[in-house]
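In our numbering, the protein residues as written are 80 to 686.
Cβ coordinates follow ideal geometry from the N, Cα and C atoms, glycine included.
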């Protein structure tokens with residue numbers, strides 16, 4: 080995993096702009112702590128920061144192949160998990176390799192197949208290729224959007240980068256957020272291709288951009304296709320197992336230590352069991368990590384989590400024999416303003432996860448002391464229908480995103496702003512409508528099956544993007560690469576087209592996944608009910624957060640203007656044990672906003 084940046088300008092001499100390129104590249108140091116490099120020509124400037132995973136000595140970037148008609152230069156972030164097969168095929172076609180890196184495979188794949196190399200890549204990636212033979216740039220993002228890639232169009236070209244901060248480092252780009260950008264921040268929705276910062280956008284998942292003197296063109300090379308599912312349940316379960324095993328096996332390949340994130344839930348436990356089996360074939364032992372908090376005996380079940388993770392994780396560890404560590408987070412560290420500052424700097428915006436982001440950052444920071452790569456279970460809930468709201472009839476009929484519909488509206492926000500100026504409910508309803516309209520009908524599909532297909536579609540295209548972005552930012556902030564085997568696009572496509580009646584064939588959530596991996600897990604883990612990401616239940620944390628919000632009120636901080644001051648003041652003065660979940664979320668939101676305003680000094684233009 081790495082960080083990439085670039086600047087294409089067809090009416091500008093970029094050879095005089097090395098300091099600007101260096102500044103943009105420097106913003107990516109956390110993503111690539113091991114090495115850095117730049118490549119500059121009159122009209123193209125590429126930068127790279129490297130986190131070495133495959134071929135530690137080789138794979139230096141930007142990587143160049145000089146041809147008789149001009150150089151072809153690659154800056155690349157991510158992994159191509161099928162690079163060995165592609166390398167063998169390219170060798171048969173006459174290509175010679177200087178390194179054993181997947182970077183060179185991608186570059187020579189472009190030389191051989193041009194834009195069609197996108198159709199051959201299996202993995203997670205964001206890349207820019209400057210083709211000096213034709214003076215054009217190709218930007219390419221993986222099928223699910225696991226790796227981020229931002230772009231900003233200028234008068235004579237584009238700027239691009241793995242994160243928004245790389246583009247914001249360019250002197251021509253202003254840190255401006257308009258109404259739609261602010262709605263995205265506040266609405267718990269990530270619109271594919273959108274970005275918070277005005278003038279900036281993301282390259283959509285499964286999409287490439289071609290930039291030349293005539294402008295910018297977009298080409299979709301992969302999308303979720305609606306197809307009839309012909310396999311019976313037994314065959315489907317077997318196929319899911321095959322795809323999972325193949326994905327896990329491919330994603331264990333690295334020249335650095337690899338571990339697994341283990342929560343004791345079905346998804347992470349399944350990956351752990353499959354990985355342990357594969358590693359045992361080579362005489363290796365899987366390494367696992369579980370997050371918990373100090374004083375875990377204080378746990379009590381709530382609507383988000385019906386059971387603690389640690390006992391189930393321990394069962395998996397004992398069952399498959401991993402080398403395991405529990406990472407216990409201190410509540411004072413979790414509330415440390417400097418940790419929140421690091422988190423917001425990594426995300427470039429406050430998205431609303433607050434404490435959850437803080438704990439994930441601290442977990443990854445601890446893991447990085449032992450491993451450079453971690454496998455994680457993102458994607459299963461979105462694909463297999465794991466979230467509780469998938470199974471609530473009232474939510475199924477709501478005309479908005481399912482994860483938004485159950486949320487309790489809080490009185491702490493400034494209501495005129497949220498409902499009149501921003502019309503956040505209307506914005507979310509429109510985004511929902513626009514998203515489901517993209518989904519073509521399947522002949523013969525009944526209304527309920529259609530509705531649940533829409534549910535799965537918006538979860539994969541919107542909700543999953545939010546979680547993948549979060550996982551990428553928190554891990555790369557500490558130089559840890561997180562891989563997500565369940566997000567293999569072959570598996571996603573296959574599961575997407577299984578009927579809802581098959582996804583729930585035994586009357587509960589994630590029926591297909593559970594059936595596919597049950598033989599690898601303890602029965603209690605295989606049958607465990609979905610539990611959310613752990614959040615601390617310590618009142619000392621709530622008390623500390625209340626104090627920090629109180630300081631913002633006293634300082635009349637800019638972030639407070641988006642909230643009802645009287646209601647916020649009352650909540651700050653309340654007893655910690657009486658703070659409801661929605662109020663606590665609002666506390667996290669105002670603290671995140673305050674840090675964001677302090678770090679980025681954005682101009683927020685809501686009208």
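Under a Cβ-count criterion, where at least 16 other Cβ atoms within 10 Å of its own Cβ denotes burial, should residue i be classed as buried or exposed?
{"i": "residue 525", "result": "exposed"}
{"i": "residue 205", "result": "buried"}
{"i": "residue 286", "result": "buried"}
{"i": "residue 201", "result": "buried"}
{"i": "residue 360", "result": "exposed"}
{"i": "residue 413", "result": "buried"}
{"i": "residue 546", "result": "buried"}
{"i": "residue 156", "result": "buried"}
{"i": "residue 82", "result": "buried"}
{"i": "residue 330", "result": "buried"}
{"i": "residue 243", "result": "buried"}
{"i": "residue 688", "result": "This structure cannot settle anything about residue 688, because the visible part of the chain is limited to 80 through 686."}
{"i": "residue 108", "result": "exposed"}
{"i": "residue 402", "result": "exposed"}
{"i": "residue 696", "result": "For residue 696 there is no data in the structure shown, the boundaries of the chain being 80 and 686."}
{"i": "residue 438", "result": "buried"}
With respect to the alpha helix (DSSP H) encompassing residue i, which residues constitute its N-terminal and C-terminal limits?
{"i": "residue 82", "result": "Careful: residue 82 lies outside any alpha helix (DSSP H), inside the beta strand (DSSP E) at 81-88."}
{"i": "residue 548", "result": "543-555"}
{"i": "residue 579", "result": "579-582"}
{"i": "residue 118", "result": "Looking at the DSSP string, residue 118 is not in any alpha helix (DSSP H); the run it does join, the beta strand (DSSP E), is 114-119."}
{"i": "residue 462", "result": "459-463"}
{"i": "residue 423", "result": "416-426"}
Measuring CA to CA, which of the options is closest to residue i?
{"i": "residue 460", "options": "347, 604, 499, 286", "result": "347"}
{"i": "residue 310", "options": "576, 440, 329", "result": "576"}
{"i": "residue 371", "options": "409, 580, 337", "result": "409"}
{"i": "residue 585", "options": "155, 312, 218", "result": "312"}
{"i": "residue 21", "options": "549, 154, 451", "result": "Examination of residue 21 is not possible in this model, given that the chain is present from 80 through 686 alone."}
{"i": "residue 255", "options": "181, 279, 268, 272", "result": "279"}
{"i": "residue 484", "options": "612, 291, 266, 181", "result": "266"}
{"i": "residue 567", "options": "105, 637, 325, 514", "result": "325"}
{"i": "residue 222", "options": "150, 299, 193", "result": "299"}
{"i": "residue 172", "options": "182, 188, 508", "result": "188"}
{"i": "residue 284", "options": "544, 555, 671", "result": "544"}
{"i": "residue 116", "options": "84, 479, 532", "result": "84"}
{"i": "residue 664", "options": "319, 432, 249, 105", "result": "432"}
To the nearest angstrom, how far is the alpha carbon of residue i from that of residue j?
{"i": "residue 263", "j": "residue 270", "result": "8 Å"}
{"i": "residue 523", "j": "residue 571", "result": "22 Å"}
{"i": "residue 564", "j": "residue 454", "result": "7 Å"}
{"i": "residue 491", "j": "residue 650", "result": "8 Å"}
{"i": "residue 561", "j": "residue 237", "result": "29 Å"}
{"i": "residue 626", "j": "residue 502", "result": "31 Å"}
{"i": "residue 86", "j": "residue 239", "result": "7 Å"}
{"i": "residue 119", "j": "residue 95", "result": "9 Å"}
{"i": "residue 540", "j": "residue 305", "result": "14 Å"}
{"i": "residue 422", "j": "residue 681", "result": "17 Å"}
{"i": "residue 622", "j": "residue 127", "result": "43 Å"}
{"i": "residue 521", "j": "residue 578", "result": "11 Å"}
{"i": "residue 467", "j": "residue 516", "result": "24 Å"}
{"i": "residue 245", "j": "residue 103", "result": "5 Å"}
{"i": "residue 197", "j": "residue 634", "result": "52 Å"}
{"i": "residue 146", "j": "residue 457", "result": "41 Å"}
{"i": "residue 228", "j": "residue 435", "result": "24 Å"}
{"i": "residue 168", "j": "residue 174", "result": "9 Å"}
{"i": "residue 610", "j": "residue 231", "result": "39 Å"}
{"i": "residue 603", "j": "residue 445", "result": "28 Å"}
{"i": "residue 276", "j": "residue 257", "result": "7 Å"}
{"i": "residue 532", "j": "residue 161", "result": "30 Å"}
{"i": "residue 514", "j": "residue 537", "result": "7 Å"}
{"i": "residue 443", "j": "residue 551", "result": "11 Å"}
Considering residue i, what are the terminal residues of the beta strand (DSSP E) in which it resides?
{"i": "residue 157", "result": "149-159"}
{"i": "residue 295", "result": "294-299"}
{"i": "residue 675", "result": "Premise fails: residue 675 lies in the alpha helix (DSSP H), 660-679, not in any beta strand (DSSP E)."}
{"i": "residue 126", "result": "123-129"}
{"i": "residue 368", "result": "366-372"}
{"i": "residue 558", "result": "Per DSSP, residue 558 belongs to no beta strand (DSSP E) and is neither H nor E."}
{"i": "residue 441", "result": "Per DSSP, residue 441 belongs to no beta strand (DSSP E); it is in the alpha helix (DSSP H), 434-446."}
{"i": "residue 104", "result": "Unbroken run through residue 104 is the alpha helix (DSSP H), 97-105; no beta strand (DSSP E)."}
{"i": "residue 638", "result": "Looking at the DSSP string, residue 638 is not in any beta strand (DSSP E), and its letter there is neither H nor E."}
For the ligand ZN, any of its heavy atoms closer than 7 Å to the Cβ of residue i?
{"i": "residue 455", "result": "The ligand ZN is not among the ligands present in this structure, which contains no ligands whatsoever."}
Pick out the complete beta strand (DSSP E) segments inside the segment 209-281, 3 residues or longer, and give them in chain order. 215-220, 229-233, 236-240, 255-257, 279-281
Secondary structure, alpha helix (DSSP H): runs of 4+ residues fully inside the segment 504-548: 526-537
Continuous beta strand (DSSP E) assignments of at least 3 residues falling wholly in the segment 387-413: 402-408
Runs of beta strand (DSSP E) lying entirely within the segment 322-349, each at least 3 residues, in chain order: Restricted to the segment 322-349, the beta strand (DSSP E) segments that are unbroken, complete and at least 3 residues in length are 337-340, listed in chain order.
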